[in-house]
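Read the structure below first, then the notes.
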Amino acid sequence: MSKTNPGNFFEDFSVGQVIEHATPRTVTEGDRALYGAIYPTRFAIPSSAQFAASVGLDPHPVEDLVAFHVAFGKTVPDVSLNAVANLGYAECRFHRPVVPGDTLRTRSEVIGLKQNSNGRTGVVYVRSTATNQRDEVALDWVRWVMVHKADPDAPAPETVVPEVADAVAAADLVVPAGLDFSAYDDVAAGSPYRLGDYAVGERIDHVDGVTISEAEHMMATRLWQNTAKVHFNTEARPDGRRLVYGGHVISLARALSFNGLANAQLVAAINAGSHVAPAFADDTVYAWSEVLETAELDAPGVGALRLRLVATKGRDESMTLRGDDGKYAPGVLLDLDLWVLVPR
Amino acid sequence: MSKTNPGNFFEDFSVGQVIEHATPRTVTEGDRALYGAIYPTRFAIPSSAQFAASVGLDPHPVEDLVAFHVAFGKTVPDVSLNAVANLGYAECRFHRPVVPGDTLRTRSEVIGLKQNSNGRTGVVYVRSTATNQRDEVALDWVRWVMVHKADPDAPAPETVVPEVADAVAAADLVVPAGLDFSAYDDVAAGSPYRLGDYAVGERIDHVDGVTISEAEHMMATRLWQNTAKVHFNTEARPDGRRLVYGGHVISLARALSFNGLANAQLVAAINAGSHVAPAFADDTVYAWSEVLETAELDAPGVGALRLRLVATKGRDESMTLRGDDGKYAPGVLLDLDLWVLVPR
Amino acid sequence: MSKTNPGNFFEDFSVGQVIEHATPRTVTEGDRALYGAIYPTRFAIPSSAQFAASVGLDPHPVEDLVAFHVAFGKTVPDVSLNAVANLGYAECRFHRPVVPGDTLRTRSEVIGLKQNSNGRTGVVYVRSTATNQRDEVALDWVRWVMVHKADPDAPAPETVVPEVADAVAAADLVVPAGLDFSAYDDVAAGSPYRLGDYAVGERIDHVDGVTISEAEHMMATRLWQNTAKVHFNTEARPDGRRLVYGGHVISLARALSFNGLANAQLVAAINAGSHVAPAFADDTVYAWSEVLETAELDAPGVGALRLRLVATKGRDESMTLRGDDGKYAPGVLLDLDLWVLVPR
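Note that the protein sequences, when read in sequence, are chains A, B and C. Residues in the first sequence are numbered from 1 upward in steps of one, following full-length UniProt numbering. Residues in the second sequence are numbered from 1 upward in steps of one, following full-length UniProt numbering. Residues in the third sequence are numbered from 1 upward in steps of one, following full-length UniProt numbering.
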């Protein structure tokens, strides 16, 4: 019998099943440096231990998205190795910052199944939870993916479609223990704009663009131990191109958003996300944001912005999400709905 | 007189000569992260400090091959700067895990010399030993390289060809102090297959492939302070191509072998190795393994597998090492014979 | 009003103005590893904590140029985002080694302004000072850049051109506290050549070349949080090429200079520097040095070499800086005047 991992097919999943994912992973200062080498991030908390300590975060957290990518990567061999497409995310909450030395594990529970009418694929819904070496929750999220069946004649499971929130409610956001923005240093952070300076409906063109290189997206994706073949192997797709991991585009957009959102220091939640179009090396990625909601939180000086963060191939100064036909505008790569923490 | 290093030529070596190589090198968490960004490694011990501690290894070791590459790189300026070819390895044993903060130095003794009949080159045999900052041996190995003569008229030295073992005997493998696999966590490690599940003669196709990029192989090779010009300089070879460092292919194959050998946690020895064909950027590397020998070792729950690890350009599902003519099959890049430690 | 950073234009600067640059940055072991992956550096002090401690430097400093790039990168968004050209450096002194855990901030004072006769641009002179988390000076330097005016009709400021030294005097070099080369290990460092072995006027061809890749120069430049668009975005220049950050060429040349200057352990000062021609991916960079001055310093066993370090595209064994017409020879990329500390 083969000792290699074939991944799970649609008929291998059952509602209520719990999967303990392999490969616990210790986060280090090396991850911080590589993240900064691959993405143009300049947010003051992950950049400076001194700044982080000045707002109550000591030891020095890494970018929230480092934790997201590491935790997400664990699920790929079991959940999405045979995926047709990553369909969506919801209810992703960051419960505590991850610091160098933390070891993350991820566990997933199957919370929904729905076979497609073609009989050859189905949608699998999982709630995944990443915990640290003290069994504290670092982050959790729901994701749903379309997965191949190995045997088209395998019987369809009972359809269970879980209810997921359109967005995490502001009241349900977790503020990191000790976070205190009351002595926040705007100059060091690089922007005078605080919660009250952002208005719902406001759009911000983040101006800068980054051209993707093959080595960079592969190094990032490998760092997260993501094993999907299409990112690494020119022989895995008929067109011979390596598909950029969707999370790479998320991190590029988040880092580019510094220019206009420099005080959006921490990601508190990802409410929803669509990878609208694939990205490839030599594409130049830009980003724009729309303010969807604002909230004051129950921590000193802390507020939250709910943003639509859009990554585009080529710059779209008009910041158009959808055309008159309701479809995504050409060039849109990513449509991400997230909560970030800002000083108020 | 020139102050740059011309390297040693064949006539510069003498049997019994000891060379203290320059550039001691401290290993850090940055090396771990870069190794993980460049190679798709997922072995649980180097990935997770918590897992490593659970099997008795604390502080957290880096990949054994990090130590190998660093230690090997030190020898290049003195031993192989004027090499025609790296001919072989033998008797490479890993004596203790290397952890962040360890500083490695390498010393080589010339143990054999044999001028070739063409009078223009010769084979140099060295035994190299890498020690840490406490003068403890981290690893040692024998290697032989074909080296140019600077002066074809220099007299041939007396021929001395050292005897080297075909393979390190299982009884001579060094188990890291404290290693204890009696509470080994198969789920975290990613595989239920232990020593007894592998049979001599069994072959495992590791399935996955990785396409090499120029930046990645150069960054890896430079990280090990390997100075061979052909890896970095398009003007160093008539064809204008940068040759991929042979050790890069070793690490790619080792990392790919996770899929089928996830419990092959540590490398205990390298018995022999041939770089059968050169690799270049845009090649897609795959790997397969053959089980050559199995052994129970004198440490709790610890066994050893002796493997032939073969890297190929393009996937060879037939796992053919040699054709009917006895020559290596087309596509074979690397033929490596190594011992790995596994739970039993 | 736009929340993105438009950078400063010539008319936005005034003599005496002090700019506190954003984004304090903590240096880590990850920076050391990435620096070693991107540049072929082998100087024993940054390579080995044990060697560094043996010459009095404990904790283990990173390369001086890591500090330079990080500190310089901070100034880009405020000083040179709208620059036409970086015209020069002077009086750059390294006051103390930077070690992992140090957080660097940079502050600049405008010390000169001179509008160009075309009325559309002007030269801005700044003195920048990088301090650590204890408010100790890590390094300081003067630089002047040609910057666009936003409004050509803005009135010209009074012309102030500061006096800058042609070179830092040997007596003004800062030797790191505790540095002691009296038990210096030539073998570990990789060269027997000490202060007295170098003669003023001597030129050294550093022999080796490195071909630049896009991913490597972008990762390096991003690591320093340098935000100049031309380095990252193929859509930022009419020719669709990404310009290599000048500091990348400085670090390449410095690392290549190991071969001939292995004992040039620390950079004490940068006296002057010209980025003579742009560099692009696929260029192969070589370096040569000329000894300009030698000095004994007031620390045990410590001397200094003042060097002209020249980077070229393609190797120039003739080591020609300028042609008969007084212009830089074809192929010269960088002409850097610096002081390095060596054992005597």
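Every residue gets a Cβ at the ideal spot worked out from N, C-alpha and C, and that includes glycine.
Requested in this report: For V145 (chain A), decide whether its Cβ has a neighbour in chain C, counting only Cβ atoms nearer than 7 Å.
Outcome: Along the first sequence, read from residue 1 onward, the residue named residue 145 (chain A) stands at position 145. No, V145 (chain A) lies away from the interface with chain C (no Cβ there is under 7 Å from its Cβ).
Query raised in the report: According to the neighbour-count rule (16 or more other Cβ atoms, all chains shown, within 10 Å of its Cβ), is D140 (chain B) buried or exposed?
Result: Stepping through the second sequence from its first residue, residue 140 (chain B) is reached at position 140. The residue in question, D140 (chain B), is buried, as its Cβ has 16 or more Cβ neighbours within 10 Å.
Report task. Under 8 Å by Cβ, that's how I've got E91 (chain A) and V168 (chain A) pegged, so tell me the actual separation to the nearest angstrom. Result -> Locating residue 91 (chain A) in the first sequence gives position 91, counting from the first residue. Locating residue 168 (chain A) in the first sequence gives position 168, counting from the first residue. In this structure E91 (chain A) touches V168 (chain A) by the C-beta definition: roughly 6 Å separates them, less than 8 Å.
Requested in this report: Report the partner residues of Y286 (chain B) according to the DSSP bridge assignment.
Outcome: Numbered from its first residue, the second sequence carries residue 286 (chain B) at position 286. In the DSSP assignment, the residues bridged to Y286 (chain B) are B:T312.
**Report entry** Inter-residue Cα distance where the pair is V142 (chain A) and N271 (chain C)
**Finding:** As a working mapping, residue 142 (chain A) is identified with position 142 in the first sequence. As a working mapping, residue 271 (chain C) is identified with position 271 in the third sequence. Answer to the nearest angstrom: the Cα atoms are 57 Å apart.
**Report entry** L81 (chain C) to V147 (chain C) span [Cα, whole Å]
**Finding:** Along the third sequence, read from residue 1 onward, the residue named residue 81 (chain C) stands at position 81. Along the third sequence, read from residue 1 onward, the residue named residue 147 (chain C) stands at position 147. Each residue's Cα considered, the two are about 8 Å apart.
Report task. Please list, in chain order, all residues of the same chain as G178 (chain A) whose beta carbon is under 7 Å from its beta carbon, the five residues on each side excluded. Result -> In the first sequence, residue 178 (chain A) corresponds to position 178, counting from 1. Excluding sequence positions up to five before and after G178 (chain A), its CB lies within less than 7 Å of the CB of G56, L57, all in the same chain and listed in chain order.
Query raised in the report: Do residue 415 (chain B) and R308 (chain B) have their CB atoms nearer than 7 Å?
Result: This structure does not reach residue 415 (chain B), given that chain B is present from 1 up to 344, and the question cannot be answered.
Query raised in the report: Which class does L65 (chain A) belong to by DSSP, given the choice of helix, strand or coil?
Result: Indexing the first sequence from 1 puts residue 65 (chain A) at position 65. When DSSP states are grouped into helix, strand and coil, L65 (chain A) belongs to the helix group.
**Report entry** Inter-residue spacing [alpha-carbon to alpha-carbon] between A295 (chain A) and G303 (chain A)
**Finding:** In the first sequence, counting from the first residue as 1, residue 295 (chain A) sits at position 295. In the first sequence, counting from the first residue as 1, residue 303 (chain A) sits at position 303. Our two residues, A295 (chain A) and G303 (chain A), have alpha carbons roughly 6 Å apart in a direct line.
Query raised in the report: Going straight from the alpha carbon of L34 (chain A) to that of A67 (chain A), what length do you get?
Result: Residue numbering aside, residue 34 (chain A) sits at position 34 when the first sequence is read from its first letter. Residue numbering aside, residue 67 (chain A) sits at position 67 when the first sequence is read from its first letter. One Cα belongs to L34 (chain A), the other to A67 (chain A), and the distance between them is close to 14 Å.
**Report entry** Beta-carbon gap between A171 (chain B) and F9 (chain B) smaller than 7 Å
**Finding:** In the second sequence, residue 171 (chain B) corresponds to position 171, counting from 1. In the second sequence, residue 9 (chain B) corresponds to position 9, counting from 1. A171 (chain B) places its beta carbon 7 Å or farther from that of F9 (chain B).
Query raised in the report: Got a sec? Which residues, its chain only, sit under 6 Å from E11 (chain A) by beta carbon, not counting five neighbours each side?
Result: The residue you call residue 11 (chain A) lines up with position 11 of the first sequence. Beyond the five residues adjoining it in sequence on each side, E11 (chain A) comes within less than 6 Å, by CB distance, of K149, A154 in the same chain, given in chain order.
Query - Residues in the stretch 246-278 of chain B having any Cβ partner in chain A nearer than 8 Å - result: Residues passing the 8 Å Cβ filter: N259, G260, L261, A262.
Query - G260 (chain C) versus V200 (chain C) - alpha carbon distance - result: For the purposes of this step, residue 260 (chain C) is taken as residue 260 along the third sequence, with counting starting at 1. For the purposes of this step, residue 200 (chain C) is taken as residue 200 along the third sequence, with counting starting at 1. Straight-line Cα distance between these residues: approximately 15 Å.
Query raised in the report: Can you find a C-beta in chain C that's less than 7 Å from the C-beta of R42 (chain A)?
Result: Position 42 of the first sequence, counted from the start, is the residue given in the question as residue 42 (chain A). Among the residues facing chain C, R42 (chain A) is included, as its CB has a counterpart in that chain under 7 Å away.
Query raised in the report: Considering only C-alpha positions, which residue in the set B:L195, B:V123, B:R194 is nearest to A85 (chain B)?
Result: On the second sequence, residue 85 (chain B) is found 85 positions in, with the first residue counted as 1. Ranking the options by Cα distance to A85 (chain B), first place goes to B:V123.
Query - Length-filtered (4 minimum) alpha helix (DSSP H) runs lying within the stretch 11-71 of chain B - result: If we require 4 residues or more, the alpha helix (DSSP H) runs fully inside the stretch 11-71 of chain B come out as 29-38, 44-47, 49-54.
Query raised in the report: Can you tell me where the beta strand (DSSP E) with F258 (chain A) in it begins and where it stops?
Result: Working through the first sequence from its first residue, we reach residue 258 (chain A) at position 258. Here F258 (chain A) belongs to no beta strand (DSSP E); instead the alpha helix (DSSP H) covers 258-261.
Query raised in the report: In this structure, does DSSP put V340 (chain B) in helix, strand or coil?
Result: Here residue 340 (chain B) is taken as the residue at index 340 of the second sequence, counted from 1. Under the three-state reduction of DSSP, V340 (chain B) is assigned to strand.
Report task. Can you grab the Cα-Cα spacing for the pair Q50 (chain A) / I111 (chain B), in whole Å? Result -> Looking up residue 50 (chain A) in the first sequence gives position 50. Looking up residue 111 (chain B) in the second sequence gives position 111. Taking the straight line from one Cα to the other gives about 54 Å.
Query raised in the report: Do the stretch 211-225 of chain A and the stretch 212-223 of chain B meet, that is, are 3 or more Cβ pairs less than 8 Å apart?
Result: Of all C-beta pairs linking the stretch 211-225 of chain A to the stretch 212-223 of chain B, three or more are shorter than 8 Å, placing the two stretches in contact.
Requested in this report: Spell out whether any CB of chain B is found under 7 Å from the CB atom of D283 (chain A).
Outcome: By one-based count along the first sequence, residue 283 (chain A) stands at place 283. In terms of beta-carbon proximity, D283 (chain A) stays away from the interface with chain B, with every pair separated by 7 Å or more.
Query raised in the report: In chain order, what residues of the same chain have a beta carbon less than 8 Å from the beta carbon of A138 (chain B), not counting five sequence neighbours either side?
Result: Taking the second sequence and counting its residues from 1, the one referred to as residue 138 (chain B) is at position 138. Cβ-Cβ distances below 8 Å link A138 (chain B) to A67, A71, F94, H95, R96, V98, D102, L104, A130, T131, N132 in the same chain, with the five nearest sequence neighbours on each side left out; the list follows chain order.
Requested in this report: To the nearest angstrom, report how far apart E136 (chain C) and V276 (chain B) are at their CA atoms.
Outcome: Position 136 of the third sequence, counting from 1, holds the residue named residue 136 (chain C). Position 276 of the second sequence, counting from 1, holds the residue named residue 276 (chain B). Taking the straight line joining both Cα atoms gives about 55 Å.
Query raised in the report: In angstroms, rounded to a whole number, what distance separates the CA positions of P343 (chain C) and K313 (chain B)?
Result: Here the question's residue 343 (chain C) lines up with position 343 in the third sequence. Here the question's residue 313 (chain B) lines up with position 313 in the second sequence. Rounded to the nearest angstrom, the two C-alpha atoms are 48 Å apart.
Query raised in the report: Whose Cβ in chain C lies nearer than 9 Å to the Cβ of Q17 (chain B)?
Result: Translated into the one-based positions of the second sequence, residue 17 (chain B) becomes position 17. The premise fails here: Q17 (chain B) is roughly 14 Å from chain C at the closest Cβ pair, so nothing lies under 9 Å.
**Report entry** C-beta neighbour in chain C for K3 (chain B), strict 7 Å
**Finding:** Along the second sequence, one-based indexing puts residue 3 (chain B) at 3. Using a Cβ-Cβ cut-off of 7 Å, K3 (chain B) counts as an interface residue toward chain C, since at least one Cβ of chain C sits closer than that to its own.
Report task. Identify whether I270 (chain A) lies in helix, strand or coil by the three-state DSSP scheme. Result -> Your numbering for residue 270 (chain A) matches position 270 in the first sequence. In the structure shown, I270 (chain A) falls within a strand segment according to DSSP collapsed to helix, strand and coil.
Query raised in the report: Taking a cut of 8 Å between CB atoms, which residues from the stretch 176-197 of chain A lie near chain E?
Result: No chain E is part of this structure, whose protein chains are labelled A, B and C.
Query raised in the report: Skipping 5 residues on each side, what residues in its chain have a beta carbon closer than 6 Å to that of W144 (chain A)?
Result: Here the question's residue 144 (chain A) lines up with position 144 in the first sequence. Here W144 (chain A) has L87, G88, V123, Y125 as same chain residues with Cβ atoms under 6 Å from its own Cβ, once five neighbours each way along the sequence are excluded.
Requested in this report: Check the Cβ of R242 (chain C) against every Cβ in chain B and list those closer than 9 Å, keeping chain order.
Outcome: Mapped onto the third sequence, residue 242 (chain C) falls at position 242. Near R242 (chain C) there are no residues of chain B at all, since even the closest Cβ is about 13 Å away, more than 9 Å.
Query raised in the report: So, does the CB of A37 (chain A) fall closer than 7 Å to a CB anywhere in chain C?
Result: Taking the first residue of the first sequence as 1, we reach residue 37 (chain A) at position 37. Yes - at least one Cβ of chain C is within 7 Å of the one on A37 (chain A).
Query - chain A contact residues for S80 (chain B), given Cβ-Cβ distances below 7 Å - result: By 1-based counting over the second sequence, the position of residue 80 (chain B) is 80. Using a Cβ-Cβ cut-off of 7 Å, S80 (chain B) is close to nothing in chain A; its nearest Cβ partner there is about 26 Å away.
Report task. Grab me the residues of R32 (chain A)'s own chain with a C-beta within less than 6 Å of its C-beta, minus the 5 sequence neighbours each way, in chain order. Result -> As a working mapping, residue 32 (chain A) is identified with position 32 in the first sequence. Hits under 6 Å: V62.
Report task. Return the residue from the list B:G73, B:V310, B:D325 that minimises the CA-CA distance to L334 (chain B). Result -> Working through the second sequence from its first residue, we reach residue 334 (chain B) at position 334. Residue B:V310 is the option with its Cα nearest to L334 (chain B).
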